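Below is one structure; the comments refer to it alone.
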Amino acid sequence: MRVAGVDPGLTRCGLALVSVGTDRTATLEDVRVIGSPSEVALDHRLLTISERIDEWLDEFRPDALAIERVFTYTNVSTVMGTAQAMGVIIAAAARRGIPVALHTPTEVKAAVTGSGQADKQQVGRMVTKILRLAAAPKPADAADAIAIALAHGWRGADPASKAAASASNQSGVAPAQRAWLKAQAQAANNAARAESALRARARKPRG
């Protein structure tokens, strides 16, 4: 499977294409960072991202596209810009019929390093080791994009399924894969709890 990994952003957007075999071996086909100057108007920044991602997808034609899911940031303008870039990228993939998957940072770190709390240096070192690279990809956005592609290529069964429960108990499953499945399950549980809380709040009578 040829997976496109995207670390989204307006100023810097990491793109990576990784070929992942059924035996979990992986080969890096391309990695780059695109972006747009912060002083340019938003519409032109998004247009630049759109044009660059269109060119890249047409050149490499991946089987799937994995993108990091936006979570909360203290800087609202940063999360808004990241979300806007995500929308442009997801739409570009949809126009080409490329399946899109969103993964949390914790899931990605767990899949690549075995720990959902790994820092960027640890992710970079593991990406370098897994892909047998001479040096860690720079900047960090490039390494993150590769990690996202690897995480998707190595994804397990749905964490709510019996297959996932069985896989997590097998001695042949790598520690990183078990950590990935655990992070997937935790993300699903968190989402379910948040949805339940919102529904309960909506049902609560207003006094």
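Using my numbering, the first residue of the sequence shown is number -1, and each one after it goes up by one.
Glycine residues also receive a C-beta, built at the ideal position from the N, C-alpha and C atoms.
Fair warning: this is a prediction, and the values are worked out from it, not measured in the lab.
Ranked by Cα distance from E105, the first of V121, V74, I96, P135 is V121. Between F58 and the set C11, A116, R67, V29, the nearest pair of CA atoms involves V29.
Boundaries for G112: no beta strand (DSSP E) harbours it, and the DSSP string shows neither H nor E there. Residue range 11 to 18 is occupied by the beta strand (DSSP E) that includes A14. Between the alpha carbons of R123 and R93 lies a gap of roughly 35 Å. By the criterion of a C-beta distance shorter than 6 Å, T126 is surrounded in its chain by A134, once the five residues flanking it on both sides are discounted. Counting C-beta pairs closer than 8 Å gives three or more between the segment 59 to 68 and the segment 145 to 153, which meets the contact rule. Within the same chain, and ignoring the five residues on either side of A145 in sequence, the residues whose Cβ sits closer than 6 Å to its Cβ are V106, V110, V121, V125.
Minimum Cα-Cα distance from L131 among the listed residues V1, A24, V18 corresponds to A24. Here S36 has T9 as same chain residues with Cβ atoms under 7 Å from its own Cβ, once five neighbours each way along the sequence are excluded.
Under the DSSP assignment, I47 falls in the alpha helix (DSSP H) whose first and last residues are 40 to 58. Checking the DSSP bridge columns, you'll see G3 partnered with A14, A64. In the DSSP secondary-structure assignment, L131 is not bridged to any residue.
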